[in-house]
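Residue numbering for the sequence shown follows this note's numbering, beginning at 109 and increasing consecutively.
Note that the Cβ used here is the ideal one computed from N, Cα and C, for glycine as well.
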Amino acid sequence: MTPETHQPELSFTEMLARLDELARGLRTGELEDRLRRLPDTVAEAHRLKRRLVDHAVEIREAVACLRGNARPASAA
Numbered sequence: 109m110t111p112e113t114h115q116p117e118l119s120f121t122e123m124l125a126r127l128d129e130l131a132r133g134l135r136t137g138e139l140e141d142r143l144r145r146l147p148d149t150v151a152e153a154h155r156l157k158r159r160l161v162d163h164a165v166e167i168r169e170a171v172a173c174l175r176g177n178a179r180p181a182s183a184a
């Protein structure tokens with residue numbers, strides 16, 4: 109398992125594509141190979157999910173700012 113700090117920065121769409129690739133890998137291939145890689149696959153999927161959620165929050169905040177409805181960060 110590679111630490112998150114050593115992974116290149118992926119764009120939002122690249123992260124979605126990678127999650128799709130991980131899911132596809134779990135659905136296809138040899139069972140023993142899938143089971144052997146499962147811990148690493150799940151760990152990577154969780155890291156990607158956290159990063160995607162962080163990006164989604166940033167996107168929502170940016171949209172709110174553009175609409176003029178944003179609260180100051182200190183009000184959170």
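Give every residue of the same chain whose Cβ lies closer than 6 Å to the Cβ of isoleucine 167, excluding the five residues on either side of it in the sequence, and list them in chain order. The answer is none, since no qualifying residue turns up.
Using three-state DSSP, classify threonine 149 as helix, strand or coil. helix
So arginine 126 and leucine 156 are supposed to be a Cβ contact under 8 Å. How far apart are they, rounded? 6 Å
CA-CA distance, glutamate 169 and alanine 151? 27 Å
Three-state secondary structure (DSSP) at threonine 136? coil
Rounded to the nearest angstrom, what separates histidine 163 and alanine 172 at their Cα positions? 14 Å
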